[in-house]
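**Q** Residue numbers (my numbering): 1335 to 2448.
Each residue gets a CB set at the ideal place from its N, CA and C atoms; glycine is no exception.
The structure displayed is predicted, hence computed values, not measured ones.
#1: Report the residue ranges of all beta strand (DSSP E) runs contained in full by the segment 1735-1790; include only those spanning at least 3 residues, in chain order.
#2: So is residue 1640 buried or exposed if we call it buried at 16+ other beta carbons inside 10 Å?
#3: By how many angstroms is the C-alpha of residue 2199 removed from the C-alpha of residue 2251?
#4: Whose C-beta lies closer than 8 angstroms to the C-beta of residue 1598 among residues of the same chain, with five residues either side of it excluded?
#5: What is the DSSP secondary structure of residue 1410, counted as helix, strand or coil?
#6: Which residues does DSSP pair with residue 1639 in a beta bridge?
#7: Expressed to the nearest angstrom, what Euclidean distance is found between the alpha-carbon atoms of residue 1995 and residue 1679?
#8: Sorted by chain position, which residues of the same chain lie with C-beta nearer than 7 angstroms to residue 1745's C-beta, five sequence neighbours on each side aside?
#9: Per DSSP, which residues does residue 2343 bridge with? Please list them.
#10: State whether the segment 2341-2353 contacts the segment 2294-2311, with contact taken as three or more CB pairs (one from each stretch) at a distance under 8 angstroms.
#11: Which residue or residues does DSSP assign as beta-bridge partners of residue 1687?
#12: Identify which residue in 1735, 2229, 2330 and 1611 has its Cα closest to the Cα of residue 1524.
#13: What are the boundary residues of the beta strand (DSSP E) that includes residue 2293?
#14: Under the DSSP definition of a beta bridge, which residues are partnered with residue 1377?
#15: Once you ignore the five residues that flank residue 2106 on each side, which residues in its own chain have a CB closer than 7 angstroms to its CB?
#16: Among residues of its own chain, excluding the 5 on either side of residue 1556, which ones have a beta-carbon nearer than 6 angstroms to its beta-carbon?
#17: For residue 2116, which beta-bridge partners are listed by DSSP?
#18: Could you give the uninterrupted runs of the alpha helix (DSSP H) lying entirely in the segment 2293-2317, keeping only those of 4 residues or more?
#19: Can we say the segment 2031-2041 touches the segment 2273-2289, given the rule of at least three CB pairs closer than 8 angstroms?
#20: Threshold first: 3 residues or longer. Then list the beta strand (DSSP E) segments lying entirely within the segment 2165-2247, N to C.
#21: Around the Cβ of residue 1453, are there at least 16 other Cβ atoms within 10 angstroms (buried) or fewer (exposed)?
#22: Starting from residue 1990, follow its DSSP beta bridges and name the residues at the other end.
#23: Which same chain residues, not among the five before or five after residue 2181, have their C-beta less than 7 angstroms away from its C-beta?
#24: Less than 8 angstroms between the CB atoms is what I'm expecting for residue 2236 and residue 2214, so what's the real figure, rounded?
#25: Using DSSP bridges, identify the partner residues of residue 2090.
#26: Name, in chain order, the residues that DSSP records as bridge partners for residue 2024.
#27: By the three-class DSSP mapping on this structure, what secondary structure does residue 1816 have?
#28: Alpha carbon to alpha carbon, how far is residue 1670 from residue 2257? Give it in angstroms, no decimals.
#29: Flag this pair as touching only if the segment 1411-1422 and the segment 1375-1387 have three or more C-beta atom pairs under 8 angstroms; answer yes or no.
#30: Do residue 2310 and residue 2194 come within 9 angstroms of each other at the CB atom, strictly closer than that value?
#31: How far does the beta strand (DSSP E) with residue 1429 in it extend, from its first residue to its last?
#32: Does the beta-carbon of residue 1648 have 16 or more other beta-carbons within 10 angstroms, so that it is buried, or is it exposed?
#33: I need the straight-line Cα distance from residue 1614 to residue 2174, nearest angstrom please.
#34: Considering only residues of the same chain and omitting the five flanking positions on each side of residue 1818, which have a CB-CB separation below 8 angstroms?
#35: Please list, in chain order, all residues of the same chain as residue 2314 whose beta carbon is under 8 angstroms from its beta carbon, the five residues on each side excluded.
#36: Contact between the segment 2276-2286 and the segment 2066-2082: three or more CB pairs below 8 angstroms?
Set out below in structure tokens:
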């Protein structure tokens, strides 16, 4: 708590501030000194420094006085107070120490099932980052070397990870982090992440939507729990105590005013975290991922403070033709534009603090920070995001983040401005304690020296020293003057193999031939130690001093060094060097240093020039190929000379026309147009083409992030597909190209009662996932029967009898839940004030909506017996089923389906892929239609959904259904099953202008979709697609050439397990860990799919989220 910080700092600061106006009086001791006065070890003075007191404020020739860990004064000029230890900072820069905004640490995790523990093992909001050892001495030292003096530490792991704390990065004490004097604040934020496990009841949640559901439910439970506890304490006789739950107690009692801190993996999760926090009415800080620029508008709209890493996308591999063919434009553009992420987010008006966390292996915090500055962040902004901004965010802005009187003496001392490439941090001050990071380089010996030896064939030469680099250039031995160059190279190679760690011998033989000068050899020293007045090095020169390493050392006296050498055999010799007075000596010494270090100044300048940040700003959505700069314009359009399949009462209109205005069908008919045409109307002469309503897929799994199933539990009605829709999924664009305009995004079929589904429109290019929702559709939920649910997990139920028993039990519980709320809501206002409301249970709430007729069941089913079972359950509990999905034996029980459900949504010709579907027949849909069932055809596939018109044609082929009726199977009928037929599914006046223009009959395999419209906006056309394909190829080639031409190398530098990264399906990079032997079934399916040209991550018919693709996603 904040009191912990005040205890440590306020007393010291108050004393220091009182001391300032009356320093002399307050400093007089009462006891006389018996000898020289003692120096106060906590009293320091830094003089003649350039102090960057805070962003934008610089004080030249400043004096900083520190006492007892607190800055007493910062003034220009000024004298050091008597008794203080003086640190001469002439030529040095002093900055406020940096603040690490997010650093995870290990902390004790409550044992699962222990008293007071949450039923979800990943919820442990009661723990603190101070419950463990905190930051180790090594971690603190590493962070100080990067300039950090304060860190917010966060418990590692979990959904509700626990409470963070703010600590100074001084040397750690013994015991737990909470016992240390460096703690500034405790219980700063409740930290949250969307962590999830694998399949199995013990791993709940096993999906992203499950993790979000846990967060939502827990944030609802916390205030209820606090009220229940308070009511029990007030009147224990009337109010029963709730079961002990330490996590809810931490979140609800005193925690409701504490902000949340969400750690997210991508920009879509960032928006999901914002929504969940907003639902709960909680303030939130968002810890980002480095790719927020890909959906900048939606990110900025959150209005949340963000902590952003300075990580940047790894350079894609484009070395081989295969690499260049497989890399996506999205990957390339992410790499190109990621350095500008912070600049763009900051430029969008978002408050930003920076973190060194989340760097990939091999990334450097300071190198990336400089790239970030090159990409548009000012140095003052960068400093603010590392000092004043995080200090205010963490509630310690009055104590750290500035070099000012009254602040903690936590500073950086460096030799150059902080963000310069070659600057060096000399000292770190943390709470008044000095840590030397880099001692100043000893330049006593820097320069060029004439050297002579008392042994060897070469008695004289030139020695160049720069810092810790030393080289000697001497004449080559006589025997080598005429030696062929090849022989020299062969000998050099042989020596290199024998002495891998030794510096190489460079022979300037070629120059000697050209200039007719004697050959020289340059010997580069290693293990150079400069400790004035002494210098030493290790040399290797076989031709002069024999095999092995030769040690040389010497002592300087003015401009002369007198030294001794010792060969590998123990023989000693003397040497002497005299400083040369050459004006170019320093420059030559620097050249020698560069040569010794393998450097190339000109090359570095060229590389710096090549690496200057240049990248166009991508505003199109989705980010990558086929993106739109804003939604397509809503147009007023008159379609003429078309064959219009209305799927409504008008049937098929020959020589038809349709007026579209304000996103709706304004008028429609055939022959001569009736009524006037609004001014500015655009006319499209269809030239005999066919127009249909936009197609609707009643069963899809396209664009679902983090798992299609929450398969860990048998009942997961609390999870919501709308939480995890991915508007970036390229599958949506491909479906638009096939005339699809709406789809029913469904939970998988791993459990008897699955999650809530979502009906969407394929509004490609919308700002966020909210733009996809078709809100007017009926809320729906996924149920499932058969083999999937009774064998997908090692949990109840394990039989079809158990499936029915479970469903009946949960509906009974939901009925009781609804009754409890009805009783509570019936109480008078005065009675309700004294009562505790029932706990909101999101699972039972969704099931109660079914009983109330407010939510429709869409049930995965195959066999007639299980179809009849659910019909009887619906009759018993008094609700109507939305649709039986797949329903492959629906033709056997069509009358029962007609009575108990709105309809059936079936496959056309998928059967025999497992035992329970062996009785499927292609006439199924036609037979149910004849009986009067509302029939639709669905895809259950990312691929089949691109050609739903041909699925409708199969009703004609197999069942003899009239073509106009067959088209309804993918237009108005699925709309009826989804409760949105008043908006979509047919072309009628007043309905949404969702339509498709076809080159010919929509039921012909020779026809193609030429244009797809949603809400009167053209989202796809063949012409526009052709342009975007060409544009994407040009952009891809440009960036590939940028990588190849820049001579940049991949920066992964990874070691360890073999990984294969594949970009497929949803446009994200899926990383597959290869086991070496490919033993697992998932691996076999993965590689089999690749070899057969299939996307391993795409959902296919019959899987319903339970096939290999689902395993691979996990």
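**A** On the basis of the data shown:
#1: 1745-1748, 1759-1764, 1767-1770 and 1781-1787
#2: With 16 or more neighbouring CB atoms inside 10 Å of its own CB, residue 1640 falls in the buried class.
#3: 13 angstroms
#4: In its chain, beyond the 5 residues on either side, 1527, 1528, 1604, 1606, 1607, 1620, 1621, 1622 and 1623 have a beta carbon closer than 8 angstroms to the beta carbon of residue 1598.
#5: When DSSP states are grouped into helix, strand and coil, residue 1410 belongs to the strand group.
#6: 1619
#7: 37 angstroms
#8: 1428, 1429, 1430, 1431, 1737 and 1763
#9: 2332
#10: no
#11: 1641
#12: 1611
#13: Here residue 2293 belongs to no beta strand (DSSP E); instead the alpha helix (DSSP H) covers 2282-2293.
#14: 1401
#15: 2059, 2061, 2094, 2095, 2097 and 2100
#16: 1582, 1585 and 1586
#17: According to DSSP, residue 2116 shares a beta bridge with 2192.
#18: 2297-2302 and 2306-2311
#19: With a cut-off of 8 angstroms, the segment 2273-2289 and the segment 2031-2041 count as touching, because enough Cβ pairs lie within range.
#20: You should have 2190-2195, 2215-2220 and 2235-2240.
#21: The residue in question, residue 1453, is exposed, as its Cβ has fewer than 16 Cβ neighbours within 10 Å.
#22: According to DSSP, residue pairing for residue 1990 in a beta bridge involves 1976 and 2004.
#23: 2051, 2144, 2145 and 2148
#24: 7 angstroms
#25: 2054 and 2115
#26: Residue pairing for residue 2024: DSSP places it in a beta bridge opposite 1977 and 2332.
#27: Caution is warranted here: a pLDDT of 40 is assigned to residue 1816, below 50, making its placement in the model unreliable, and the coordinate value is therefore given only provisionally. Three-state result, residue 1816: coil.
#28: 53 angstroms
#29: yes
#30: no
#31: For residue 1429, the enclosing beta strand (DSSP E) starts and ends at 1427-1430.
#32: buried
#33: 13 angstroms
#34: At residue 1818, the pLDDT of 40 sits below 50, so the modelled position is not reliable and the matter cannot be decided from this model.
#35: 2076, 2093, 2108, 2110, 2111 and 2112
#36: yes
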